[in-house]
Structure formats: C-alpha cells, structure tokens
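Per my numbering, the sequence shown runs over residues 27 to 764.
Here's the structure we're looking at; comments come further down.
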Amino acid sequence: MKTFLSCLLLAALGLFAYSSISGQTPSEQRQDEPALRLKANEVSLDIVVKDKKGRSVRDLKAADFEVYEDGVLQKVESFRFVLREAAAERDTVRKEGKEEPAPQPVAPRNNASMGVIALVFDRLSPEARSLARKAGLAYAKEGVAAGDFTGVFAIDQSLRTIQSYTDNQELIKQAVDRATTTSTSTYASSAGKVRDLSDRSTGLDRTASSQAAAAGEAGAARDGAGASQAAAAGGQAMLQQALVEMESRMLENFETLERDQQGFATINSLLAVIAPMKNIPGRKTIIFFSEGLALPASVQTKFPAVINAANRANVSIYAIDAAGLRIESGTAEAAREINSLAAKRMQQATRGNDTVVSAPYTKALERNEDLLRLDPRSGLGQLADETGGFLIHDTNDLTSGLRRIDDDMRAYYLLTYASKNEDYNGRFRHITVKVNRSNVEAQTRKGYYAIESLGQLPVLDYEVPALAAARSARSGSTHTSFQAAALGFPSTNQPGLALILAEAPISAFTLTPATDKKTYNADFSIVALVRDQSNQVVQKLSQHYPLSGPIEKIEAAKKGDVLFYREMQLQPGRYTVELIAYDGPAGKASVRSTSVEIPPVDENKLRLSSVVVLKRAERITAEEMKRDKPFQFGELLVYPNLGEPIQKSQVKQLTFFVTAWPAKGSADSLKIAVEILQNNHKVGQTAAQLPEADEHGRIKYASALPLDGFQPGVYELKITVRDSKTSVSRSTQFTVAP
C-alpha cells in the first residue's frame, strides 16, 4: 500500500532536484529546550560605588545618583541599598562567643537582596585548575552570604552542571573540588609547529633558488652533468617545500576548526547560564574562571550576544584569568608569527619567488588577530567591563581577587527606571551613572539593546535588527513570497511535538556584488517567536544565513530557495507563531503569523496530526529511511506547501499528508473521510479505510485529489479519522490559481 502511495505522490508532485539553503531540512531534527515566560520590560541597575581606595561607599541616597540613557537624564523609579552578610562574618560571630541571631528563612523570589552566583570553570590547564581550585574553595568558605544561592558549572565540549544552585557551603566546596580536579580537552596551539614549518619552507625555497642559479651557471659553462645535477637538487627541494607547505596548511586548518569549536562551546555555555537568571530578583553574578576566550571571526559575531544577554538579565560577569602570572603576554605569540611571516615574504619577494600568495597571507593575519583576542585583557576584559564586573589577571593570588568580587556582591545600590525612549529600534542604548560626590566611582553595566523583552531567552546579535525591523513590518505589507506554517505532530514519544517551517526564494533578499566585483554577498535571517495564549514568548528559534559566491553564479543563486525547519516540544495549548524574514542589507523584514494547537496528551484516545498539503517529494537513501522523521513517507521525504497558490496549469492533483495514532491497545480499523469546503459549503468528499499501524503505532497516510473541477479560489481541506468510539478532525486551507 505504501509503495503504491509513494508512486502516486511521485506522479502527483514530480520528483526533481531542488536548490535550497536550509538551517535544517525536514530530514534533520533539532529539539530546543522549553523556555520560561517573560516579564514586562524594565531597566534595572545594580551599582557598586567605591572610593579612591577601593572601599565600598554605603551612605548614598537616591538624590545622589543621576542616570543617563544615550545622554538623556532618566527618572529613577525605585532605589535601595543592599547589604548582605558573608559566611566569614557569621563564623567570626561564632568564634567570639557572641549571641548568634536566629536562623532566617530562605529569602523568597521577590526579595531583591537575594544573591545568585554561578561559578563557571572554562576548560583549564592543570596549573590553572590548581589556582582556580584554591580560589574557589576560599570563596565557598568565606564568600557565601546569607540568602545566597551558588551553582557550579564546567565548560568542556558542552556545559556540565556540577552543582545546582544551593546555599549549602559543603556542597559548593565539593562541587568546586570536582570541577577543578577533572581534566578537560584543553586547546594546544600549533603555532610553534606552524612557525617551524614556515622556517623550513623558507630554507627549502632558498635551496631551490640557489640550485636553480647553479643550474643556470653550469648551463652557461656548457657543463651538462653539473646543470643536470643542480636542476635535480633544485627539483627535490621544491618537492619537499610543497610537502612542508601542505602540512602547514593542514595544521592551520585544524587549528581554525578547533578554535571555532572551543569558542562556540564557551559562548553557548555562558548564554545557557545567563538565560535562567533573567527573572530572578536581587544581585546576579557569574564568576568566570578562564585562560582567555577563543574568538575567531565566526565566533566573534556571536560574542556581543553574551554581553547583551547579561545586560538584559542584569547579570554582572567577573572574569578571572586562571593562568595566573604569565611569563609572557598573550600578544608575544602573535608578534613572533607576524615577524616570521613578514621575513618569509621579504625573502621571497627579493628572489622573485612569491610562493605564499595573498590569500594565505591574509588568513595568517586573521589567525594572528585570533591570537590577540585570546589575550585575557581582550575578550575577558570586554566581557567583564561591559557587564558591570571587572577582570582579575596577572596574579597568582586569585583568592584576594575573589574577595574584591565578594565586596561588590555584598554591598550595592539597586535602582530602576522607565526609559523615556519608547522606540525599540534594536540599537544599543548607552547607560551612564553619575554620583554627586567627589572622589568616588560607580560601576554598573554599560547599556542594552532596545528590543522587546523575550524573557529568559537570550537574543543573538543577528536577531537584534530582525526583531526591531519586525515591529514596523507587522503593520505593513509582507512579501508574498515568504510563506510559513506551524504544524502539530503528537507522536508517541513526543506528545507535544510541533514543526515550525518557513520558506522564501533567495531572490526575495538582497544579493550585492562585492567591491572586488568577483563575488556576491547576502545576509539574511529567519526568526520564529512562539507565543502562548497570554501572548508570552515561550520559544525563540532562528537561523542566520550569511551567503557569498562567485559573481558569475549570482543569477543561479537567485533561483534557489531557503527553507527554515525546526522541531520543538510544547505543552498542551494553542500557540501563535510569528516568523520574521529579515534582509540585512535592505534593513527590512517580512512577518508571517500562524497558529498551532497542541491537544492534551491521552494515548488512550485517537490522535491526528495537522493536515499538510504537499508541494514536492524526493527520494531518500536506505540509511536516511532509518531516521524516522515526521515528513518521511516510505522511501520519500515530502515537503509541505506553506501557503503558495497551487497552479492548475502546472499541477493536476492536490496531494495531502496526515499521520494518525490509534488509541493505545485498540484493535479497531480506522476510517478516513476527506471533505473539500468553500465558504463553509461542502463541494466534494470521499472516504477510505486506513492501513494498519506501523511498528511505531502510527499510520502515515498520503493521497491525491484531481484538480479538474476546482475553480480558482480559497478552499478548506478537512480530514476526519474515526474508530468505533471516537473521531477527530483537522483541516487546512489551500488556494487554487488558474
């Protein structure tokens, strides 16, 4: 039966090659963790004020503060000074025999004096782990304040939770010990090896040049044997040089891939730690132990998202260079490589033998920029400075640095204001805090991106302009070629499975010739916001598409399509999904809204997926068939029509696809009824018996209806499936064009 229907689909849809760009096609799957709900927008600042000697200033009033946003004075809505007791002070009370106050209950979530601290240990070398362990244990003993909750996390290839948030000092100490005694996949630079190979290549190049000169001299002297011998030696040197260059390129390419992997793991882990802190009141702090951030170009574009997420969640990040007192600065390695590369090119240019062309030279310079960013004062310093913290570096006494952090967390001013600027245009708004007292310094976050709040969901840098542009696009016209849909497929193991799809031709976006006139560039993104019935954003999905290619292929590129596909788990309920297609060069967005309903989970009742009108199908391999994806049908992968009109002149049949799940334990045969309605009037119907359920307990069904009798217009396709006790219906709209 399935083979027959597959042939029917092939005949109805046609099987053809399809050019597309996709973050994930229907043959791939990604499941995103469910997110909590957002709260109303609010600009909240916790401010640490110190005098010239670094001592906390604790007697300021609200009138002593002035807050400016982009140079505009703001009205302070609320103000308070927060002072919390440290663990060491409690121990001192006990040792001196003083009367200890009665234990206080755990601070509730709405208590602004509660502190949340995340100790995050990046991948560290053995020496750095030793220093970090000593400092972390000292913090667990002395720095935990009353009402504080501390979590311990470690970053390797992914984020590991060593200890969930707790106010138990003993558990914190044990977690620090585990985090700093477990070896990680540390990154070892191949810069020295690459430099040795470069020097060897230069020597071989010099040998090849001298042998070539010797062969020329021997030829001029009519010494045939000498010329032949010199030429052979020169050829051997050139062959060895080519092998050395190949090994050098291999090491450089591997190092680039490894840096990317390391950088993304760190960035994503920090975002994951920051996100849940959004709706927690009180002081929120990340103490980040690292030896430097790997920020190659591909990772650098995502780095501002960490700072933005921290600022929107009002999280201060304190960075600690766990390498301690370094023998040489992080810039020394880059300086040696730059000098080595420059010397090599000067030698080759002098001999007229430029074997290292401009592309590898440019890549080497980019690599040196990566090394410069690895300097703790670069990435780590920026991360701390722009989120209201500071960097501790060039010291082996990390414990004293942690005491400085502890002072910041124990005494600070908390104030809020409502911004006078209501234009959420996605731009960065700079915050400046002035204190009307001489010889003091205020420390707080630098600003935030002006976009609507997404609760705990971190906003990536490429999402910022898309979300801002969508505000005006919602009230304007949407590009007709941008289509989107949200579908429910409640499988046995994934009862709340929802599929989010969007599609647009690449020609709908701006493809711009580069300045060299040899390549073209495009930069666009798709963002999906999933809102529940109270209009709260519960999920955010996105994909960035920075494209480039040879200029002669720009017209071919425009004929392709971009397909956005994501899977997610949702709780039962009705959701609105807003999909945004943003064209970066044009600064414009198109918005599509759709909805999906996730029914309550009850395996004892008949269930039915969304109804999907199909656009095309393609064959998949036997290996791909084992993956068992929602849109797999036998040996085919089917692609839904997301709202594009069906052209009768090109398509002769309406094909559709649906999945049914019989009630658990039921032996009933299922029947399917297909109805076509227009303006709520039935214009056609048919019925059939569904085949038996497969080994997964479901029935995937596809069929086709002739379009001959359909006049141009909008129709409803309604599918009803029945067993002996119940029935369930789903419907979708489709448009028929001449």
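Ideal Cβ positions, reconstructed from N, Cα and C, are used throughout, including at glycine.
Please classify residue 56: does DSSP put it in a helix, a strand, or coil?
As a working note, residue 56 is residue 30 in the sequence shown. Residue confidence is low: residue 56 scores 38 on pLDDT, short of 50, so the model does not pin down where it sits. Its coordinate-derived value is still stated next. It is coil, neither helix nor strand.
Are the CB atoms of residue 201 and residue 170 nearer to each other than 8 Å?
Start at 1 with the first residue of the sequence shown, and residue 201 comes out as number 175. Start at 1 with the first residue of the sequence shown, and residue 170 comes out as number 144. Going by C-beta atoms, residue 201 is not nearer than 8 Å to residue 170.
Reduced DSSP secondary structure (H/G/I, E/B, other) of residue 805
Residue numbering for the chain in the displayed model covers 27 to 764; residue 805 lies beyond these limits and cannot be assessed.
On the DSSP letters alone, give me the boundaries of the alpha helix (DSSP H) that residue 165 sits inside.
Reading the sequence shown from its first residue, position 139 is the one you call residue 165. 152 to 168 is the extent of the alpha helix (DSSP H) around residue 165.
Below 8 Å, can you find three or more Cβ-Cβ pairs linking the stretch 713 to 733 to the stretch 523 to 531?
no
May I have a chain-ordered list of the beta strand (DSSP E) segments no shorter than 3 residues that lie completely inside the stretch 490 to 576?
509 to 514, 523 to 531, 545 to 557 and 563 to 576
Is the beta carbon of residue 806 sitting closer than 8 Å to the one on residue 406?
Given that the chain is displayed from residue 27 to residue 764, the structure contains no residue 806 and the question cannot be resolved.
Should the stretch 458 to 474 be regarded as contacting the stretch 546 to 564, the criterion being three or more beta carbon pairs within less than 8 Å?
no
As a quick exercise: from 183, 324, 322 and 475, pick the residue whose alpha carbon is nearest that of residue 291.
The residue given as residue 291 occupies position 265 in the sequence shown. Checking every option, the nearest Cα to that of residue 291 belongs to 183.
For residue 191, which residues of its own chain have a beta-carbon under 6 Å away from its beta-carbon, when the five flanking residues on both sides are left out?
Position 165 of the sequence shown holds residue 191. So the list reads 175 and 177, once near-sequence residues are dropped.
Under the three-state DSSP convention, the category residue 636 falls into:
Counting from one through the sequence shown, the residue named residue 636 turns up at place 610. Here residue 636 sits in coil by DSSP.
Start and end residues, beta strand (DSSP E) containing residue 74
Residue 74 sits at position 48 when you count from the first residue of the sequence shown. That run of the beta strand (DSSP E) goes 69 to 77.
Please check the pair residue 456 and residue 96, which I expect to be a contact at CB under 8 Å, by giving their CB distance rounded to whole angstroms.
For the purposes of this step, residue 456 is taken as the residue at position 430 of the sequence shown. For the purposes of this step, residue 96 is taken as the residue at position 70 of the sequence shown. Right, the Cβ-Cβ distance comes to about 6 Å (below 8 Å), so this counts as a contact.
At what residues does the alpha helix (DSSP H) containing residue 198 begin and finish?
Counting from one through the sequence shown, the residue named residue 198 turns up at place 172. Residue 198 -> alpha helix (DSSP H) spans 195 to 207.
Is the CB of residue 309 under 8 Å away from at least one CB in chain D?
Although the question refers to chain D, the structure presented lacks it and comprises just one protein chain.
Helix, strand or coil at residue 290 according to DSSP, with G and I counted as helix:
Locating residue 290 in the sequence shown gives position 264, counting from the first residue. In the structure shown, residue 290 sits in a helix (DSSP, three-state: H, G or I).
So, helix, strand or coil for residue 629, using DSSP?
On the sequence shown, residue 629 is found 603 positions in, with the first residue counted as 1. Three-state result, residue 629: coil.
Please check the pair residue 715 and residue 697, which I expect to be a contact at CB under 8 Å, by giving their CB distance rounded to whole angstroms.
By one-based count along the sequence shown, residue 715 stands at place 689. By one-based count along the sequence shown, residue 697 stands at place 671. Residue 715 to residue 697, Cβ: 5 Å. Contact.
By the three-class DSSP mapping on this structure, what secondary structure does residue 718 have?
Here the question's residue 718 lines up with position 692 in the sequence shown. Correct three-state label for residue 718: coil.
Between which residues of its own chain and residue 102 is the CB-CB distance below 7 Å, once the five residues before and five after are set aside?
One-based indexing of the sequence shown puts residue 102 at position 76. Excluding sequence neighbours, residue 102 sits near 88, 91, 93, 441 and 443.
Which residue's Cα is closest to the Cα of residue 296: 153, 329, 286 and 287?
Working through the sequence shown from its first residue, we reach residue 296 at position 270. Comparing Cα-Cα distances from residue 296 to each of 153, 329, 286 and 287, the minimum goes to 329.
Output the distance between the C-alpha atoms of residue 597 and residue 626, rounded to the nearest integer angstrom.
The sequence position of residue 597 within the sequence shown is 571, counting from 1. The sequence position of residue 626 within the sequence shown is 600, counting from 1. Cα-Cα distance, rounded: 8 Å.
For residue 177, report the span of its alpha helix (DSSP H) as first-last.
Counting from one through the sequence shown, the residue named residue 177 turns up at place 151. From DSSP, residue 177 is part of no alpha helix (DSSP H) but of the beta strand (DSSP E) over 175 to 181.
Assuming residue 671 and residue 763 make a contact with CB atoms under 8 Å, what is their CB distance in whole Å?
Counted from its first residue, the sequence shown places residue 671 at position 645. Counted from its first residue, the sequence shown places residue 763 at position 737. 4 Å between Cβ atoms; contact.
Report, in whole angstroms, the separation of the C-beta atoms of residue 323 and residue 150, which I expect to be a contact under 8 Å.
Along the sequence shown, one-based indexing puts residue 323 at 297. Along the sequence shown, one-based indexing puts residue 150 at 124. Rounded, the Cβ-Cβ distance is 25 Å, inconsistent with contact.
From which residue to which residue does the alpha helix (DSSP H) around residue 610 run?
Counting from 1 along the sequence shown, the entry for residue 610 is found at position 584. Residue 610 -> no alpha helix (DSSP H), and no H or E assigned at all.
Mind checking which residues open and close the beta strand (DSSP E) that includes residue 750?
On the sequence shown, residue 750 is found 724 positions in, with the first residue counted as 1. Note, residue 750: premise wrong, no beta strand (DSSP E); not H, not E.
For the candidate residues 429, 646, 181 and 756, whose alpha-carbon lies nearest to that of residue 700?
By 1-based counting over the sequence shown, the position of residue 700 is 674. It is 756 whose Cα lies nearest to the Cα of residue 700.
If you reduce the DSSP assignment to three classes, tell me which class residue 472 lands in.
Position 446 of the sequence shown, counting from 1, holds the residue named residue 472. Of the three classes helix, strand and coil, the one that applies to residue 472 here is coil, per DSSP.
Can you tell me whether DSSP reads residue 599 as helix, strand or coil?
Here residue 599 is taken as the residue at index 573 of the sequence shown, counted from 1. Strand.
Measuring CB to CB, does residue 333 end up less than 8 Å from residue 314?
Sequence index remark: in the sequence shown, residue 333 carries index 307 (1-based). Sequence index remark: in the sequence shown, residue 314 carries index 288 (1-based). No, Cβ-Cβ distance for residue 333 and residue 314 is not below 8 Å.
Which of helix, strand or coil DSSP assigns to residue 453:
As a position in the sequence shown, residue 453 is number 427, starting the count at 1. Three-state result, residue 453: coil.
How long is the line joining the alpha carbons of residue 601 and residue 458, rounded to whole angstroms?
As a first step, residue 601 is located in the sequence shown; it is residue number 575 there, counting from the start. As a first step, residue 458 is located in the sequence shown; it is residue number 432 there, counting from the start. Distance between the alpha carbons of residue 601 and residue 458 is about 40 Å.
Quick one: residues in its chain with C-beta nearer than 8 Å to the C-beta of residue 516, no 5 flanking neighbours on either side, listed in chain order?
As a working mapping, residue 516 is identified with position 490 in the sequence shown. Excluding residues within five positions, the ones whose Cβ falls inside 8 Å are 522, 523, 624, 625, 627, 633, 635 and 687.
Nearest-angstrom Cα distance between residue 518 and residue 693?
Here residue 518 corresponds to residue number 492 of the sequence shown, with the count starting at 1. Here residue 693 corresponds to residue number 667 of the sequence shown, with the count starting at 1. Each residue's alpha carbon lies about 17 Å from the other.
For a quick check, are the C-beta atoms of residue 75 and residue 69 less than 8 Å apart?
Counted from its first residue, the sequence shown places residue 75 at position 49. Counted from its first residue, the sequence shown places residue 69 at position 43. Result no, Cβ atoms of residue 75 and residue 69 do not sit closer than 8 Å.
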